Amino acid sequence: MGGTLYRGREGMWSWVLHRITGVAIFFFLLVHVLDTALVTVSPEAYNAVIGAYKTPIMGLGEIALVAAIGFHALNGLRIILIDFWSKGTKLQKPLFWTVIVLW
Numbered sequence: 025m026g027g028t029l030y031r032g033r034e035g036m037w038s039w040v041l042h043r044i045t046g047v048a049i050f051f052f053l054l055v056h057v058l059d060t061a062l063v064t065v066s067p068e069a070y071n072a073v074i075g076a077y078k079t080p081i082m083g084l085g086e087i088a089l090v091a092a093i094g095f096h097a098l099n100g101l102r103i104i105l106i107d108f109w110s111k112g113t114k115l116q117k118p119l120f121w122t123v124i125v126l127w
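So the number in my numbering is just where the residue sits in the sequence shown, counting from 1, plus 24.
Put into structure tokens, the structure is as follows:
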């Protein structure tokens, strides 16, 4: 039987995490634009939404968002190095662990 075999190495995990963080950041930006647009529609609704954002769970969400942005940015730089640096593909594993340490 032929097919793709995922071995769970650094390249695969960084690919998966890059997509997950990218989707999470996109979702945040979409919600942010929509809730900010509430100001023009209903200032009371906007104030209610902002009040909901001041909960401890949303505080954890903000920390997760900052972590996602940090990983996504650092991993993006790693991808640029792999794509445009002649030694990038040979150094994929150490570059991945450098991103993890810096993150």
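C-beta atoms are modelled at their ideal positions from N, C-alpha and C, and glycine is treated no differently.
Here the structure is a predicted model, which means the values were calculated and not measured.
When the Cα of residue i is compared with those of the options, which residue comes out closest?
i	options	result
Trp127	Lys78, Lys114, Gly100, Lys111	Gly100
Leu53	Ile106, Lys114, Ala92	Ala92
Gly85	Ile49, Ala72, Pro118	Ile49
Taking all protein chains shown into account, do 16 or more other C-beta atoms lie within 10 angstroms of the C-beta of residue i, making it buried, or fewer, making it exposed?
i	result
Ser38	buried
Thr45	buried
Phe51	exposed
Phe120	buried
Between the beta-carbon of residue i and the beta-carbon of residue j, is there less than 7 Å?
i	j	result
Leu58	Tyr70	no
Val125	Arg102	no
Leu105	Gly94	no
Lys114	Glu34	no
I need the boundaries of the alpha helix (DSSP H) containing residue i, first residue and last residue.
i	result
Trp121	116-126
Ser110	Neither: Ser110 is in no alpha helix (DSSP H) and is coded neither H nor E.
Gly35	34-65
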